[in-house]
């Protein structure tokens with residue numbers, strides 16, 4: 001079973017949560033044989049991840065399919081949790097990941113990911129605020145207005 | 001160039017764009033990774049590469065574009081070098097800098113005094 005948790009203890013607990021939904025077995029009657037962290041095979045390439053989610057909203061359960069562009073699956077899942085929390089106010093315990101997959105760019109559904117499938121992509125960073133490189137160099141007032149163009 | 005964080009001042013090549021906020025960034029001495037655009041400042045230097053070059057391709061392209069030399073000779077690059085130098089001075093070197101500045105100031109003031117005298 002593949003699941004996402006912040007630490008091993010939580011992972012084992014989540015494992016039993018999902019297993020109880022599949023089979024009539026409790027933690028006291030069962031034994032976890034192995035728990036392995038799965039690392040990303042190629043964290044240096046960008047992939048489009050499709051994530052199928054079942055979540056509990058204030059009015060019931062819903063399914064959702066979300067797409068994310070990221071280098072690792074864990075990164076995409078983290079994006080998903082953040083987005084669900086911000087867009088739908090769904091907290092992590094109420095989210096179940098049904099399925100994840102890397103989606104080929106031809107099969108992506110969301111315009112938001114498809115707009116980055118351009119080999120000659122070009123976009124300006126509008127209002128590019130440059131931070132001082134260390135907090136020590138931060139000043140409340142500046143002598144001249146900083147240039148945010150490009 | 002990276003403008004924030006532990007790799008401040010490092011020159012990296014944007015190899016691909018992940019999404020609106022992040023780029024895949026690569027350099028001969030680091031593992032290719034994602035970096036937020038907020039941490040990057042675009043320099044004038046361009047490297048001719050296809051979208052996801054191999055490490056040796058990237059190194060060869062950087063060599064042919066002569067990036068590090070051009071950077072060290074550009075005004076921005078020189079400023080960074082001076083910054084680093086200043087930050088790494090020991091007390092004796094700072095003393096030497098002070099002596100040199102005082103000497104330079106004295107020369108300037110002497111010339112200025114001469115010009116003032118001629119004017120008066």
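Residue numbers (UniProt numbering), protein chains in the order written: chain L, 1 to 150; chain A, 1 to 120. Think of the CB as a built atom: it goes at the ideal place given N, C-alpha and C, for glycine as much as any other residue. Bear in mind the structure is a predicted one, so any value in this text is a computation, not a measurement.
| residue 80 of chain L vs residue 53 of chain L beta-carbon contact at 8 Å | Sequence index remark: in the first chain, residue 80 of chain L carries index 80 (1-based). Sequence index remark: in the first chain, residue 53 of chain L carries index 53 (1-based). Cβ atoms of residue 80 of chain L and residue 53 of chain L: closer than 8 Å.
Residue nearest to residue 12 of chain A in terms of C-alpha spacing, selected from A/21, A/106, A/34 and A/19:
In the second chain, the residue the question calls residue 12 of chain A occupies position 12. The residue with the shortest Cα to Cα distance from residue 12 of chain A is A/34.
task = Quick one: list the residues of chain A neighbouring residue 69 of chain L, beta-carbon separation under 7 Å, in chain order.
result = Numbered from its first residue, the first chain carries residue 69 of chain L at position 69. In chain order: 18 and 19.
With contact counted as at least three CB pairs below 8 Å, one residue from each stretch, are the stretch 62-70 of chain L and the stretch 98-118 of chain L in contact? yes
- request: Measure how close the beta-carbons of residue 21 of chain A and residue 36 of chain A come, nearest whole angstrom, since I'm counting them as under 8 Å.
  value: Here residue 21 of chain A refers to the residue found at position 21 of the second chain. Here residue 36 of chain A refers to the residue found at position 36 of the second chain. With a Cβ gap of about 6 Å, residue 21 of chain A and residue 36 of chain A count as contacting.
Exercise. So, using beta-carbon positions, are residue 62 of chain A and residue 72 of chain A closer together than 8 Å?
Worked result: One-based indexing of the second chain puts residue 62 of chain A at position 62. One-based indexing of the second chain puts residue 72 of chain A at position 72. Contact: no.
Exercise for the section: Note down, in chain order, each residue of its chain lying with its Cβ closer than 8 Å to the Cβ of residue 85 of chain L, except the 5 sequence neighbours on either side. Expected result: Walking along the first chain from the start, residue 85 of chain L turns up at place 85. Cβ neighbours of residue 85 of chain L beyond the five flanking positions: 91 and 92.
If you drop the 5 nearest sequence neighbours on each side, which residues of the same chain put their C-beta closer than 8 Å to that of residue 19 of chain L? The residue labelled residue 19 of chain L in the question sits at position 19 within the first chain. 1, 25 and 30, listed in sequence order.
Taking a Cβ distance cut-off of 7 Å, strictly less, list which residues of the stretch 107-119 of chain L are near chain A, in chain order. 116 and 119
Quiz item: From this set, L/78, L/38, L/34 and L/88, which residue's C-alpha is nearest residue 59 of chain L's C-alpha?
Solution: Stepping through the first chain from its first residue, residue 59 of chain L is reached at position 59. Closest option to residue 59 of chain L, Cα to Cα, is L/88.
Determine, using beta carbons only, whether residue 73 of chain L and residue 55 of chain L come nearer to each other than 8 Å.
As a position in the first chain, residue 73 of chain L is number 73, starting the count at 1. As a position in the first chain, residue 55 of chain L is number 55, starting the count at 1. Cβ distance not < 8 Å, so residue 73 of chain L and residue 55 of chain L don't count as in contact.
DSSP beta-bridge partners of residue 96 of chain L: If you number the first chain from 1, residue 96 of chain L lands on position 96. Its beta-bridge partners are L/54.
Once you ignore the five residues that flank residue 127 of chain L on each side, which residues in its own chain have a CB closer than 7 Å to its CB? Against the first chain, residue 127 of chain L aligns to sequence position 127. Cβ within range, chain order: 148.
**Q.** Residue range of the alpha helix (DSSP H) that includes residue 119 of chain A
**A.** The residue you call residue 119 of chain A lines up with position 119 of the second chain. Unbroken alpha helix (DSSP H) run through residue 119 of chain A: 91-119.
*Roughly how many angstroms lie between the CA atoms of residue 10 of chain L and residue 16 of chain L, to the nearest whole one?*
Start at 1 with the first residue of the first chain, and residue 10 of chain L comes out as number 10. Start at 1 with the first residue of the first chain, and residue 16 of chain L comes out as number 16. Straight-line Cα distance between these residues: approximately 10 Å.
Handout entry: Own chain, CB closer than 6 Å to residue 51 of chain A, minus 5 neighbours either side, in chain order
Key = What you label residue 51 of chain A is simply residue 51 of the second chain in a count that begins at 1. Correct list, in chain order: 16.
Exercise. Flag residue 58 of chain L as yes if its beta-carbon sits less than 8 Å from any beta-carbon of chain A, otherwise no.
Key: If you number the first chain from 1, residue 58 of chain L lands on position 58. No, no contact with chain A.
Note to self: Helix, strand or coil for residue 85 of chain A? Go by DSSP, reduced to three states.
What the structure shows: As a position in the second chain, residue 85 of chain A is number 85, starting the count at 1. DSSP places residue 85 of chain A in helix when its eight states are reduced to three.
Note to self: Looking at the strands, I want to know which residues DSSP matches up with residue 22 of chain A.
What the structure shows: What you label residue 22 of chain A is simply residue 22 of the second chain in a count that begins at 1. A/36.
Practice prompt. Indicate whether residue 18 of chain A and residue 35 of chain L have their beta-carbon atoms separated by less than 8 Å.
Written response: For the purposes of this step, residue 18 of chain A is identified with residue 18 of the second chain, where counting begins at 1. For the purposes of this step, residue 35 of chain L is identified with residue 35 of the first chain, where counting begins at 1. It is not a contact, given that the beta carbons lie outside the stated cut-off.
Measure from the alpha carbon of residue 101 of chain L to the alpha carbon of each residue in L/27, L/32, L/57 and L/71, then state which is nearest. Indexing the first chain from 1 puts residue 101 of chain L at position 101. Considering only alpha carbons, the answer is L/71.
Between residue 123 of chain L and residue 99 of chain A, what straight-line distance do the alpha-carbon atoms span, to the nearest angstrom? For the purposes of this step, residue 123 of chain L is identified with residue 123 of the first chain, where counting begins at 1. For the purposes of this step, residue 99 of chain A is identified with residue 99 of the second chain, where counting begins at 1. Approximately 50 Å between the Cα atoms of the pair.
Could you tell me whether any Cβ in chain L is nearer than 8 Å to the Cβ of residue 24 of chain A?
Indexing the second chain from 1 puts residue 24 of chain A at position 24. At least one chain L Cβ lies under 8 Å of residue 24 of chain A.
Practice problem: Mind reading off the beta-carbon distance from residue 32 of chain L to residue 12 of chain L? Whole number of angstroms is fine, and I expect it under 8 Å. | Solution: To locate residue 32 of chain L, count along the first chain from 1; it is residue 32. To locate residue 12 of chain L, count along the first chain from 1; it is residue 12. Indeed they touch by this definition, with Cβ atoms about 6 Å apart.
query = Could you give the distance in angstroms between the alpha-carbon of residue 116 of chain L and the alpha-carbon of residue 97 of chain L?
reply = Locating residue 116 of chain L in the first chain gives position 116, where the first residue counts as 1. Locating residue 97 of chain L in the first chain gives position 97, where the first residue counts as 1. Cα-Cα distance, rounded: 25 Å.
- Item | residue 53 of chain A versus residue 24 of chain A: straight-line alpha-carbon distance, rounded | Position 53 of the second chain, counted from the start, is the residue given in the question as residue 53 of chain A. Position 24 of the second chain, counted from the start, is the residue given in the question as residue 24 of chain A. Spanning the two alpha carbons is a distance of roughly 11 Å.
### Message
Any beta carbon of chain A sitting closer than 8 Å to that of residue 131 of chain L?
### Response
As a position in the first chain, residue 131 of chain L is number 131, starting the count at 1. Cβ-Cβ to chain A under 8 Å: yes for residue 131 of chain L.
ask   = Taking the C-alpha atoms as reference points, what is the distance between residue 112 of chain A and residue 119 of chain A?
value = Residue mapping note: residue 112 of chain A aligns to position 112 of the second chain, counting from 1. Residue mapping note: residue 119 of chain A aligns to position 119 of the second chain, counting from 1. Rounded to whole angstroms, residue 112 of chain A to residue 119 of chain A spans 11 Å at the Cα level.
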